[in-house]
Structures are given as structure tokens and as C-alpha cells.
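> One point on numbering: in our numbering, the residue at position 368 of the sequence shown is 922, and numbering is uninterrupted.
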Amino acid sequence: MLKAKSLRKFAIFSLIALFILSIFMPFSSAKAAEDNSLQEIKDKKQLVVGLSADYPPYEFHQTIKGKDEIVGFDISIAQKIADDMGVKLDIKEMGFDSLLGALKTGKIDLIISGMSPTPERLKEVDFSDPYMDVIQKVIVRKADKSKFKTTSDFDGKSVGAQKQTTQEELAQKEMTGSTVTSLQKVPDLILNLKNNKIDAIVLEGPVADAYVSQDDSIVVSDVKFVNGEKQTAIAMQKGATSLKNQVNKTITEIKDENLLKGYQDEANKLMFQKDSFFNQYGHYFLTGTLYTIILAAIGVFFGAILGSLLALMKLSKTRWLRWPASWYIEFVRGTPLLVQIFIVFFGTQVFGLNLSAFASGCIALSLNSAAYVAEIIRAGISAVNKGQMEAARSLGMTQGKAMRYIILPQAVKNILPALGNEFVTVIKESSIVSVIGVGELMFMTGVVQGASFKPFVPLIITSLIYFVLTFGLSRLLGVAERRLKTSD
Ligand code: ARG
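1. In terms of residue numbering, what span does the beta strand (DSSP E) encompassing Glu783 cover?
2. Please name the residue in Ser591, Pro611, Gln616, Lys661 whose C-alpha comes closest to that of Gly906.
3. Use the C-beta contact count for Arg1029: other C-beta atoms within 10 angstroms, 16 or more gives buried, fewer gives exposed.
4. What beta strand (DSSP E) runs, 3 residues minimum, are completely inside the region 705-773?
5. Nearest to Gly816 by CA position, among Gly620, Asp597, Ser606, Ile629, is which residue?
6. Along the chain, where does the beta strand (DSSP E) containing Ser546 start, and where does it finish?
7. Cα separation between Val641 and Gln600?
8. Below 8 Å, how does it come out for the region 827-835 and the region 885-900: are there three or more Cβ pairs, yes or no?
9. If you draw a straight line from the C-alpha of Ile808 to the C-alpha of Asp637, how long is it?
10. Along the chain, where does the beta strand (DSSP E) containing Lys646 start, and where does it finish?
11. Decide if Ala697 is buried, meaning its Cβ has at least 16 other Cβ atoms within 10 Å, or exposed.
12. Suppose you measure from the CA of Phe627 to the CA of Met825; what does that come to, to the nearest Å?
13. Taking 6 Å as the cut-off, does the CB of Thr720 come closer than this to any heavy atom belonging to the ligand ARG?
14. If we count the other Cβ atoms within 10 Å of its Cβ and call it buried at 16 or more, is Phe581 buried or exposed?
15. With a 10 Å radius around its C-beta and 16 neighbouring C-beta atoms as the bar for buried, classify Gln721 as buried or exposed.
16. Let me check you understand the geometry: is the CB of Gly1000 closer than 6 Å to at least one non-hydrogen atom of the ligand ARG?
17. Tell me whether Asp683 sits in a helix, a strand or coil according to DSSP, three-state version.
18. With C-beta atoms as the reference, is Leu1031 less than 7 Å away from Gly974?
19. Using only the alpha-carbon positions, how far apart do Thr719 and Gly934 sit?
20. Given 6 Å as the limit, tell me if Phe899 has its C-beta closer than that to any heavy atom belonging to the ligand ARG.
21. DSSP has Thr617 in a bridge; who is on the other side?
22. Going by CA-CA distance only, name the one from Lys598, Phe855, Val603, Ala1005 that's closest to Val801.
23. For Gln726, I'd like the list of residues in its chain whose CB is within less than 7 Å of its CB, leaving aside the five on either flank, ordered along the chain.
24. Buried or exposed: where does Gln690 fall if 16 or more other Cβ atoms within 10 Å of its Cβ makes it buried?
25. Does the beta-carbon of Ser984 have 16 or more other beta-carbons within 10 angstroms, so that it is buried, or is it exposed?
26. For Leu757, tell me which candidate among Gly991, Ser736, Met943 has the shortest Cα-Cα distance.
27. CB of Ser606 to nearest heavy atom of the ligand ARG: below 6 Å?
28. Measure from the alpha carbon of Val713 to the alpha carbon of each residue in Ser700, Val692, Lys701, Lys699, then state which is nearest.
29. So Leu664 is in the alpha helix (DSSP H); what residue range does that whole segment cover?
30. Excluding the five sequence neighbours on either side, which residues of its own chain have a C-beta within less than 7 Å of the C-beta of Val966, listed in chain order?
31. Short of 7 Å in beta carbon distance, which residues of its chain neighbour Lys701, apart from the five on each side in sequence? Order them along the chain.
32. So Leu654 and Glu678 are in contact, right, with Cβ under 8 Å, and what is the actual spacing, rounded?
33. Within 10 Å of its beta-carbon, does Thr872 have 16 or more other beta-carbons around it, so buried, or fewer, so exposed?
34. With DSSP collapsed to three states, give me the class of Val1011.
35. Answer with buried or exposed for Tyr959, where buried requires no fewer than 16 other C-beta atoms within 10 angstroms of its C-beta.
36. Compute the Euclidean distance between the alpha carbons of Leu962 and Gly991, then round it to the nearest angstrom.
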């Protein structure tokens, strides 16, 4: 009996999973055939370029006249491409490892992010003609310079590289004796190098020079690679021929008129522009904090509404309400928030909804929080002594009345404190949505790290801000809790 029941449950669940999968399938095989790529961009009058602005002098953040801007020679190139098309340039920033996904799902039209064409990438996307040749360098701590002269000197050492880059591949292929540590952002690598967590970083030549020129504790080593020569190009969706031709036309012009040199000089000048730390970066922390608070508030608000609904479903007598709720809760609690965020961000695109990163972040956080809130509420209600319900019923109350007047008021006292903790958790977890480029506190920290070439100080400031937020909130909740207690 029991076996048959759980078998049926399993069968239904598999069917639902299959159904969901089949919705996604047709979309992935569509496309190709006609190429309207260029016309589409002209029609929407906007070219959306994706990049990871942690890469001076290619692309990085800088305060210009009190306003945060993404600058660098890649931006100058992007601007020229947009100008040549007669459309507006829109920059979307995200982690380097999210760029290919964003391009393939149509979140962005081009990747201009110091990206090198590789055989693996060419299977997924198309590339323009290269606009630059670069060599790869290895940076080490100043004191270690004489220790590391060739790639084999890193045997048994730990070498860092940015996640899913050609540098990562190079380290794996040519520094075979070393362990490779891959991180998402370049400033985090620098921090790890300075703190002796890793012994070297493989970096694109110009980026290595940029970081070294800003920090006397690190230097470029004499290490040379066999396959250290790479090219930099612009990526677009496969088959976007008209777009590619247009981009190539601009690149040819940049080469013919030798414009790149000017772009680079401009980028270098911007890199060295200095002001006091707080004047220059204070507003990043401020906007970041604001975004974090809004994100968490929205997440908890909608999470609470949806969560109450789920809790009621789970407590219901009909299994058609109980099961979906249970599965939802199990699924959400059993998968990482990071994965859920990516599913919402890229998934909505598959369904033709072009949600902003912020909207996606809010939705993902709400959906995630709902599962936890549902459990909090359910547990809160279940924790009320069974005898309470029995007593109420024997006094002649209906089930609904007993719930409303006897059970819920007692349950609320269990629920509210736990709900408060959930708010604190969401504030902290919201930092994860930085991966899709929502400008909240953690994201802004990365921006400041990259722009200031100070990998550590921004982290300390950010941790303090998070602490003030969560500590303040739990204090506030403590006061509310005590109030509730005295009303007993
Ligand atoms: N050129 C390298 C690659 O293609 C790294 C590029 C990283 N770019 C960035 N903006 N962080 O993999």
C-alpha cells in the first residue's frame, strides 16, 4: 500500500518535471535561418553590450565629475560601434563567467570584454575580427620575483586566474605542476596574492601592467608562456552575420585610422585620476546599501505573502494543495540560491520576458524566501499544543473559529521572531544577486575594489555596513518580541 502510494507520487512528479523540460526544449533549437540581427538593433535604437568591468584598462569603473561611469578602451570601441550604427549604447555589467550565457539567451547583443576567441567559444558564439594582440603575463609578490622565472617554478604552488578565462586555461595547461585557483573577479585574485593565499596570477598583459602600476607590493615576473599570445575580439550570437559585418567595418576603421592608441591613452589617464577614497567611492556604498535594503524588503514582503499561502496549502486536507506546496518547498530549500537566481534570470529570457537584473533578483529572492517563510509559519502553527484545538472545539467553536481566535494568536508569537530572522538572512543572502549585475552592496564593493585597486578596504567597509543593517534589525526585532511577551 505504502509502496504503491509513493510510487504514484514519484510518477506524478516525474511527469511534471518532463512537462517543464518539454516547454524549454523547442526554444533552444529554434533561431538561425534568417538574420535580422543588425536590423533588430537599429529598430530598438539601442546596442546592448555586456562586459565585466574589473579589467583596467579595458573596462573599469571610475568616478567622473562625481558620477560613477564605466570607462576603458573597450567602452570607446563599443561607443564607436553604436555611433556607426546610429543607435544608443547600453552597457550591462556582469561576472565574466555569465557573459556567454547572457549573449546566447539574448540579454545582450555583444560581448566586448577583452574576450579572446577560443575553439570552445567559437562553438557557442561568433567573433568579430580581432582588434588587439596581447601577451599573457604572470604577476607575483615583489619579494618572490627571483624565485619564479619559468612556468615549472610553480610546481606545487598555487596560481590564480579569473574564472572561465583563457588565463585559467593557460595556467592549467602550461603550469601543470601547480594548483589553479579560479575566482570570479580580478580584484579578489589580487587580494589573495597579497595575502599569500596564492603565489601568482596569470593576467592579460595590459591588465597586469595596470595593477602593478598601482601597487608596489606586486610585480610582473619574467615567466613566459608557449601559447601566451592571444587575440581580443567581440562576440555576437551565432549566425548574426549582418551584425558581425557591421562590427567588422568599425574595427577596420579603428585599425586604419589608428584610433586604438588614442583610446588606450585616454583609458590610462582615467586610471590614474585620484581623489580621496570617500569622495571617490562613498556614493557606491550608499547606493549599494540602498539597493540591498530595497531588495531584501521586497524579497521578504512577497516572500511572506507567498509563504503564507504555501503554509496554508501545506496544512490543508486536500493533497492536491499539499503536494505542490511540499514539493516547491523541498525543491527551493534543496537547491542553492545561486542556481535559482540564474534560473530566474536566464529562464525568464527563454520565455521571452526581458526582465532587468534587478527584477530578476527580486523575484528570485521572493521565491526563495517564500519556501522558508512557509516552513516558519507551518512550524509555528503546529507548535501550538494540540489540546488547544481540542478544547476550543469542545467549547463549540468551529474549526475556522478555533484557528482564528485560539490557535493563530498563539502561533504568531512563535512565527514573528523567526520571520525577523528570515529578514536578517535575506539581507545577507541578497549579496548573491550581485552575480547577475544588480547594483547592490556586494556588487558595488567589487566595483570599488576594481576601481580603487584596493582589494581589502572595501570589503571591511561592506562587512561593517552589513553588520550595522543586520544588528540594527535584530535589535529592533528584539524590542518587538519583548512587547509581545508582556502582552501575554
Ligand atoms: N581574455 C581573457 C578571456 O578571453 C579574459 C578576459 C576577461 N575580461 C574581463 N573583462 N574580465 O578569457
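We put the beta carbon where it would ideally sit given N, CA and C, even for glycine.
A quick look at the data gives this:
1. DSSP places Glu783 inside the beta strand (DSSP E), whose first and last residues are 783-791.
2. Lys661
3. exposed
4. 712-716, 733-737, 754-758
5. Ile629
6. Examination of residue 546 is not possible in this model, given that the chain is present from 555 through 1042 alone.
7. Each residue's alpha carbon lies about 5 Å from the other.
8. no
9. 13 Å
10. The continuous beta strand (DSSP E) containing Lys646 extends over residues 642-647.
11. exposed
12. 11 Å
13. yes
14. Note that Phe581 scores 46 on pLDDT, short of 50, meaning its location in the model is unreliable and no value can be drawn from it.
15. buried
16. No, the beta carbon of Gly1000 sits no closer than 6 Å to any heavy atom of the ligand ARG.
17. In the structure shown, the three-state DSSP call for Asp683 is coil.
18. In this structure, Leu1031 sits near Gly974, with a CB-CB distance shorter than 7 Å.
19. 48 Å
20. no
21. Paired residue(s): Asp622.
22. Selected option, being the one with the closest Cα: Val603.
23. Excluding residues up to 5 positions away in sequence, Val734 lie with their Cβ nearer than 7 Å to the Cβ of Gln726 in the same chain.
24. buried
25. buried
26. Ser736
27. yes
28. Val692
29. Note, Leu664: premise wrong, no alpha helix (DSSP H); beta strand (DSSP E) at 664-669.
30. none
31. Asp707
32. Contact between Leu654 and Glu678 holds, with the beta-carbon distance rounding to 6 Å and staying under 8 Å.
33. exposed
34. In the structure shown, Val1011 sits in a helix (DSSP, three-state: H, G or I).
35. exposed
36. 41 Å
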